[in-house]
Structures are given as structure tokens and as C-alpha cells.
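Okay, so here's the structure we're looking at.
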Amino acid sequence: MLVLSTVSKATIWGSDRLYAFGGDQTISNLGQLYTAAANQELTCTVLNGPFAGMSLWQVYRENRPLFGYDKYDEFPLLIGFVDAKENLSIQIHPGDDYARSKENKPFGKNESWLFLQAPEEGAIINGCKCSTLEEVHQRISENRWEDIIDRLPVKKNDYVYVQSGTLHALTAGSLVYEIQQSTDITYRFYDYDRTDASGNKRPLQLSKALEVISVDNRSCSVPCEKEKLQDHSYYTVEIKDVEGSLENSSGVFCVVTLLEGEMQLEDTTVKMGSSLILLPHEKISFAGRASVAVARPK
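In my numbering, the protein residues as written are 926 to 1223.
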């Protein structure tokens, strides 16, 4: 078992809601809290056992057989929480092939959100109103952004899977558990013409966004039922309540993230917002109870 540190990240659209999940309270606009990250740019630290003090990125690269997973050289998942006090920029992520050929990265980005709090207006940006790419270009040239972007209604405890190539964005009020492939390749499509304190608009990556957009892509929102496996091409996710013990019966590692409660282990306490990795066929005993998200790569 590997107990992981968290990594807090300030954003212009964050607030203080992630403090309750163990986020850094010296950051006033805390928008992202990473609980299982392991790449060169962003990594958690292992807090227990023989690897204590080492980055998860290093531990995985040097001990891959321990994890029971050899499909990729890099750690395949990136897990955390996102607090959107304001609307996030509308964006698109590439798939694996584009990421490898154009960005020299091992992964594109497919991701999922579990809504711990729903957006204020009851919907997120998801999908494209246009039926062809030519239509998208035409409406951009006419500055008709609202005639391009579509919306998806979501409620608290809804689960949404966002396939690469899908036009999407979290909207104001959203608080989510997020799992994605281990990358942060993001092409900003539109940012509501917002400006910074100096009057400058944030840069768009419109040309790349238009290369990877799939106008037919739509997500759906489904109630997140306990013990129901959400099964996708790159990972699975299951929400469950645990008390006293937890077992990984698979031959592949899993990431357990606490959404509520805490686990009191022999030498450490894992609190809400933190993650631990259960290695293949590992079983742990603990005091306490928790609601957890169990994620596993495929």
C-alpha cells in the first residue's frame, strides 16, 4: 500500500471548498487538488513504507512490476478534485494518436467527473450544436460562439464521461472528483472574451482544437450508484462504502480516493480528499469508515 500526498494548485477560478479535502489553505483561489499524480511535470509523494519521501513518478518508473501493470511506461492515471467557482474555459482534448504524433506525449485525454456539487445553473458545456466542421468555422468567423456550444444538464452525484475530441467545460458552482489519463494536454477553444488585470485575453489554441474536435461527440450524465462499475476504454471507476477492511482482488493496482470519512491505519490516517494505492491482491485493515472512489487502469 502506498499512501500519497496531495498537490494543491491555484487557479483564477478556484475558491476555498477544497480546504475540506486537505487542500493548502494558504492558497486563496484553490482550483485543483491532485491526489494521485505521477508524471514529470506533476507528482505526488509517497508518505509511508520503504518508498516514503519518494515521488510516485519515480517509484512507478523504477518498480513497475510491483503495480502489476505494464501497458505504458508512464503511470496511466491522474486523479484529483476540481472546484470551479467560475465558468472554466471551453476546451477540447486530443486522443492518443494526436498526442503522440503532435505533442510527443504518451496519452491523449479522456476524463470523467463525479459531481460532488452541481453547477449553479444546472448544466455544463458539452457537445457541439454544429453538424459539420465547416459549420463550426463559419460560426467562429461570425463570432457566434453560443451557436456552437451545447449544454448537458447535471445534478449532484451525477457521473459524466468526456471522450477526447468532445467540446466541454465545467461551469460555475461545479465541484467534482476527476479521473483522467495522465496528461494535461488542453486546447482552449473559447474563454468568453475574458481579460486579465492588464486587459489581455487568455490565449486560445484554436487551430489545434479544430484539428481534434469531433462535432458528433456528446456525453451523457448518469446517477452514480454505489457498487456500480463505470467501465471505459482506459479505466474503470466504482464508488463504494467501506468499513474495517478493503481488498484489491485484481492483479492490477487500484487507486482509492476518499470522498468522505477517514481510514486510520497503523502508522497514518488517510483523510477525506487523499488517495492510497492498493497493489495487486493486497488487503488492508483499518479503523473508521469511508465513501471511496476505486479507480483502476485498463
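Ideal Cβ positions, reconstructed from N, Cα and C, are used throughout, including at glycine.
Under the 10 Å beta carbon count, residue 1218 is surrounded by 16 or more other beta carbons and is classified as buried.
DSSP places residue 1059 outside any beta strand (DSSP E); the residue lies instead in the alpha helix (DSSP H), whose first and last residues are 1058-1066. Per DSSP, residue 959 is one residue of the beta strand (DSSP E) stretching across 955-961. Boundaries of the alpha helix (DSSP H) around residue 1027: 1021-1027. Annotation for residue 1189: the continuous beta strand (DSSP E) segment containing it runs 1179-1189. Taking every protein chain shown into account, the CB of residue 1030 has 16 or more other CB atoms within 10 angstroms, so this residue is buried.
If you look at residue 982, you'll find it in the alpha helix (DSSP H) that goes 981-987. In the structure shown, residue 1200 falls within a strand segment according to DSSP collapsed to helix, strand and coil. In this structure, residue 1204 lies near residue 991, with their beta-carbon atoms less than 8 Å apart. With 16 or more other Cβ atoms inside 10 Å of its own Cβ, residue 1034 counts as buried. Apart from sequence neighbours up to five positions away, the residues of its chain that approach residue 977 with a beta-carbon distance below 8 Å are 971, ordered along the chain.
At a Cβ-Cβ threshold of 8 Å, residue 1089 and residue 1018 count as neighbours. Within the same chain, and ignoring the five residues on either side of residue 997 in sequence, the residues whose Cβ sits closer than 7 Å to its Cβ are 1031. One thing to note: residue 1039 has its Cβ within 8 Å of the Cβ of residue 1149.
Listed in chain order, the alpha helix (DSSP H) elements of length 4 or more contained wholly in the segment 1103-1176 are 1131-1137. In this structure the segment 1055-1063 does not touch the segment 1107-1124; the number of beta carbon pairs closer than 8 Å is below three. Around the beta-carbon of residue 955, 16 or more other beta-carbon atoms lie within 10 Å, marking it buried.
Around the C-beta of residue 1155, 16 or more other C-beta atoms lie within 10 Å, and the residue is accordingly described as buried. According to the DSSP assignment, residue 1042 belongs to the beta strand (DSSP E) that extends over 1036-1042. In this structure, residue 1087 keeps its C-beta atom at 8 Å or more from the C-beta atom of residue 1132.
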